[in-house]
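The next block holds one structure in the form of structure tokens; read it before the comments.
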Amino acid sequence: MHNSLQKNRFLVVGRAGLDLYADPPGTEIESAPGFRAALGGSAANIAVAISRQGGKCSLLTAISNDAVGRYTTSALASYGVDTTHVRTVGGEARTSLAVVETRAENCQSVIYRNSAADFEVHPEDVAAIDYASFGAVIVTGTSLAREPSRRATLEVLRLARKAGLALIIDIDYRPYSWASKDEARLVCGQAAGLCDIIVGNDDEFSVLAGSRDEGLKFAMSLAHVPGRMVVHKMGEKGCITFAGGEQFETPIFPVKALKPTGAGDGFMGGLICGLVAGATLPDAVRRSAATAAIVVTKVGCAPAMPDTAEVEAFMNRAKG
Numbered sequence: 007m008h009n010s011l012q013k014n015r016f017l018v019v020g021r022a023g024l025d026l027y028a029d030p031p032g033t034e035i036e037s038a039p040g041f042r043a044a045l046g047g048s049a050a051n052i053a054v055a056i057s058r059q060g061g062k063c064s065l066l067t068a069i070s071n072d073a074v075g076r077y078t079t080s081a082l083a084s085y086g087v088d089t090t091h092v093r094t095v096g097g098e099a100r101t102s103l104a105v106v107e108t109r110a111e112n113c114q115s116v117i118y119r120n121s122a123a124d125f126e127v128h129p130e131d132v133a134a135i136d137y138a139s140f141g142a143v144i145v146t147g148t149s150l151a152r153e154p155s156r157r158a159t160l161e162v163l164r165l166a167r168k169a170g171l172a173l174i175i176d177i178d179y180r181p182y183s184w185a186s187k188d189e190a191r192l193v194c195g196q197a198a199g200l201c202d203i204i205v206g207n208d209d210e211f212s213v214l215a216g217s218r219d220e221g222l223k224f225a226m227s228l229a230h231v232p233g234r235m236v237v238h239k240m241g242e243k244g245c246i247t248f249a250g251g252e253q254f255e256t257p258i259f260p261v262k263a264l265k266p267t268g269a270g271d272g273f274m275g276g277l278i279c280g281l282v283a284g285a286t287l288p289d290a291v292r293r294s295a296a297t298a299a300i301v302v303t304k305v306g307c308a309p310a311m312p313d314t315a316e317v318e319a320f321m322n323r324a325k326g
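Structural data, given as structure tokens:
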């Protein structure tokens, strides 16, 4: 894989916010006697996942100038995520809020993203970043959904490529963020075409393909670029990885899940840390699957991200 990954320092681009989990676990939102607060947001979760497994992460985002924004910044720092590039914005912009259940079946998630602060990252915010100090940039599809964050994210990819960094994308397609599937296909497709590592599920690759039944074929076609790795996730069926003209399947680790959320973010973190550790591609993807499996057994997303020792112990137990 890309040699720059060995720097083990990453710039992650995208949203961070506050998650409120209906408490106790298993409770529906409408009947919850209380809620448990946690850091959330796909980019923040990925940064925490990498940080917990020994990587150094900086998050590029914007948060609102209020108590929720301050909570988010403080929580990021508590996980060891560098907040130098987290900008505070005023006006009507608000840090994202998610009200979520800890339930494996029929898990409800209510997202509040009106005037989302993380969409207020501007191209001028990314111009002064010292890209040479990083080994890779990781972007999420959500940061491409609206302006000015879209232009800023594409500019990050351009500047990072110029500096010789590895470019990584989690397609992270959230329909409520986009004007249409066609817009998502064009914009996310453009960004994915720039990247060295592309991770998504079948629904997300189907959006990029423009056809419900063409996701797998489209993922395979993206891997024809030399040096590129594409991971096509299939939920309970595991995933298929395409790289170097070859492909292999990785099953999930069977666990008793508390909830479905956070698995994809943990998967990305485990993958990156596996590659940095010098694992073979199959072993790195297996570490991804193990990280995702651990996350769904715990409450929360960022708080559920395991450290290196926990992942290795889990994989050793599974091997035994």
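Final position of the sequence shown in this note's numbering is 326; the numbers increase by one with none missing. Ideal placement from N, C-alpha and C gives every residue a C-beta, glycine not left out.
Nearest to Ser294 by alpha-carbon distance, out of Lys239, Phe248 and Ser37, is Lys239.
Here Arg21 has Gly47, Ser48, Ala49, Ala50, Thr67, Ser102, Ala122, Asp124, Thr146, Thr148 and Ser149 as same chain residues with Cβ atoms under 8 angstroms from its own Cβ, once five neighbours each way along the sequence are excluded. In this structure, Cys279 lies near Gly60, with their beta-carbon atoms less than 8 angstroms apart.
Around the C-beta of Arg164, fewer than 16 other C-beta atoms lie within 10 Å, and the residue is accordingly described as exposed. Pro312 sits buried, since 16 or more C-beta atoms from the chains shown fall within 10 Å of its C-beta.
Taking a C-beta distance under 8 angstroms as the contact criterion, Leu214 and Ala229 do not qualify as a contact pair.
Bounds of the beta strand (DSSP E) holding Tyr118 are Ser115 to Tyr118. Counting along the chain, Ser64 sits inside no alpha helix (DSSP H); it lies in the beta strand (DSSP E) bounded by residues Lys62 to Ser70. In this structure, the CA atom of Thr79 is about 13 angstroms from the CA atom of Ala308.
Look at the segment 132 to 178 and you find these whole runs of alpha helix (DSSP H), each 4 residues long or longer: 155 to 168. Counting only the Cα atoms, Gly233 lies some 19 angstroms from Ile177. Separation of the CB atoms of Met226 and Phe248 is rounded to 6 angstroms, and the pair is thereby assigned contact status at 8 angstroms. A check of alpha carbon separations from Met235 across Leu173, Leu24 and Glu130 identifies Leu173 as the nearest. When DSSP states are grouped into helix, strand and coil, Asn112 belongs to the coil group.
The continuous alpha helix (DSSP H) containing Ser57 extends over residues Ser48 to Arg58. Gly97 has its alpha-carbon roughly 42 angstroms from the corresponding atom of Val291.
In the three-state reduction of the DSSP assignment, Lys239 falls in the strand class. As the crow flies, the alpha-carbon of Pro181 is around 13 angstroms from that of Phe211.
The C-alpha of Val231 is placed about 22 angstroms away from the C-alpha of Ala285.
Counting of Cβ neighbours within 10 angstroms places Glu153 among the exposed residues, the total staying below 16. Excluding residues up to 5 positions away in sequence, Gly280 lie with their Cβ nearer than 7 angstroms to the Cβ of Asp289 in the same chain. Here the C-alpha atom of Pro266 lies approximately 25 angstroms from the C-alpha atom of Glu220. With respect to Glu34, Glu107 sits close: the two C-beta atoms are nearer than 8 angstroms. Taking the Cα positions, Ser139 is about 20 angstroms away from Gly275. Counting only residues of its own chain and dropping the five nearest sequence neighbours on each side, Val18 has a CB closer than 6 angstroms to the CB of Ala49, Ile52, Ala53, Cys63, Leu65 and Ile144. Burial check for Asp188: the Cβ neighbour count within 10 Å stays below 16, so the residue is exposed.
The alpha-carbon separation between Asn14 and Thr297 amounts to approximately 18 angstroms. As computed with DSSP, Ala43 is found in a beta bridge with Leu26.
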